[in-house]
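Scroll down for the structure; my scribbles are underneath it.
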Amino acid sequence: MSEVLKIFKIGGGIIDDTAQLSQFLTELARVPERKIVVHGGGKGASQMLQNLGIEPQMVQGRRITDAATLDIVTMFYAGKTNKQVVALLQQNGVNALGLSGADGNVIRATKRPVKDVDYGFVGDIDEHSVETGLLQNLLRAGLTPVFCAITHDGQGQLLNTNADTIASSLARALAPFYQVELHFCFEKDGVLADVNDENSVIAQITPGQYQSLKASGVIAAGMVPKLDNAFAALEAGVERVVIENALKINEPVKTILCRS
3 MSEVLKIFKI
13 GGGIIDDTAQ
23 LSQFLTELAR
33 VPERKIVVHG
43 GGKGASQMLQ
53 NLGIEPQMVQ
63 GRRITDAATL
73 DIVTMFYAGK
83 TNKQVVALLQ
93 QNGVNALGLS
103 GADGNVIRAT
113 KRPVKDVDYG
123 FVGDIDEHSV
133 ETGLLQNLLR
143 AGLTPVFCAI
153 THDGQGQLLN
163 TNADTIASSL
173 ARALAPFYQV
183 ELHFCFEKDG
193 VLADVNDENS
203 VIAQITPGQY
213 QSLKASGVIA
223 AGMVPKLDNA
233 FAALEAGVER
243 VVIENALKIN
253 EPVKTILCRS
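For the sequence shown, the numbering used here gives the first residue as 3, with consecutive numbering after it.
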């Protein structure tokens with residue numbers, strides 16, 4: 003039986019709130035299995051852009067990344083945010099190593115082609131993007147890799163890449179070597195049957211149930227692409243996907259997505 007590897011993706015309000023981020027990482031330190039952390043940038047990068055006189059541009063929740071924006075988000079994601087997460091993990095006794103996709107050539111991406119929208123320096127990942135050998139060596143050495151949302155194209159160009167996509171790509175790539183659990187951590191306790199009732203967490207969702215919940219509108223808006231990505235990861239060999247509250251990862255309340 004292969005070893006369990008847990009991949010935790012954090013973002014949103016958790017990244018923006020230092021006290022909550024610290025609480026999440028304290029809980030993460032209690033997880034005994036090997037683990038990888040992937041983080042987004044929260045609202046801090048947008049605030050920094052505005053402070054420098056650059057108006058953030060978003061289309062359907064995705065950041066338009068021109069050259070000036072890329073400079074700032076690289077500094078914020080790969081610099082301040084990444085090192086803050088690493089430092090807090092070290093404080094909790096977790097030997098963490100902060101990485102971008104360029105470090106060790108771990109994640110290559112391809113600049114997104116211009117179609118209806120020119121996203122600028124945004125990177126897309128395919129099944130050949132992840133170098134698993136180095137990651138396995140790091141994990142065997144007892145290190146916890148911490149990835150920001152910056153990748154590269156192998157030709158010297160950094161790229162801004164969606165953190166959910168990075169987490170899912172790492173999970174798929176490592177699934178042949180570990181029993182991979184992919185954890186999406188945010189402010190809710192899981193997927194809610196009623197968005198107005200915080201206690202209406204759906205404990206388990208199969209692919210068939212997911213289609214029904216989408217058709218009835220119970221699952222809608224921003225949760226749809228997240229769960230589409232999650233079920234695709236299950237089909238690609240990931241053991242299970244968990245949607246949970248970042249501050250309750252060691253508690254039983256959560257949504258588990260299953261293959262059947």
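We put the CB at the ideal spot given by N, CA and C, even for glycine.
- K11 sits close to D166, with the two beta carbons spaced by under 9 Å.
- Here the C-alpha atom of A70 lies approximately 18 Å from the C-alpha atom of V116.
- When Cβ pairs closer than 8 Å are counted between the two stretches, the segment 58-67 is seen not to touch the segment 168-175, the count staying below three.
- Approximately 5 Å separates the beta-carbon atoms of L91 and L27; this is inside 8 Å, confirming the contact.
- The beta strand (DSSP E) runs lying completely inside the segment 138-190 and spanning 3 residues or more are 146-149, 152-154, 160-162, 181-188, given in chain order.
- Boundaries for N247: no alpha helix (DSSP H) harbours it, while the beta strand (DSSP E) harbouring it runs 242-247, taken from the DSSP string.
- Counting other Cβ atoms within 10 Å of its Cβ, E29 reaches 16 or more and is therefore classed as buried.
- L51 and I74 have their C-alpha atoms roughly 7 Å apart.
- I16: not part of any beta strand (DSSP E); member of the alpha helix (DSSP H) spanning 15-18, first to last residue.
- Under DSSP, the beta-bridge partners assigned to Q206 are I258.
- Under the DSSP assignment, L51 falls in the alpha helix (DSSP H) whose first and last residues are 46-53.
- With distances taken between CA atoms, Q213 lies nearest to S262 out of I127, S262, F186, K45.
- For F233, the uninterrupted alpha helix (DSSP H) run begins and ends at 225-237, by DSSP.
- In the structure shown, V75 adopts helical secondary structure according to DSSP, grouped into three states.
- In the DSSP assignment, the residues bridged to D126 are T112.
- DSSP, reduced to helix, strand and coil, places A80 within a helical segment of the structure shown.
- Judged by DSSP secondary structure, A222 falls outside any beta strand (DSSP E); it is assigned neither H nor E.
- Under the three-state reduction of DSSP output, K11 falls in the strand class.
- Here E129 is not near A177, since their CB atoms are 9 Å or more apart.
- Excluding residues up to 5 positions away in sequence, I207, A232, V243 lie with their Cβ nearer than 6 Å to the Cβ of L259 in the same chain.
- Residue environment analysis places R36 among the buried positions, since at least 16 neighbouring C-beta atoms fall within 10 angstroms of its C-beta.
- By DSSP's assignment, A98 forms a beta bridge with T146.
- Residue environment for R110: buried (at least 16 other C-beta atoms within 10 angstroms of its C-beta).
- Beta-bridge pairing by DSSP links V87 to no other residue.
- A straight line joining the alpha-carbon of I251 with that of I204 spans about 16 Å.
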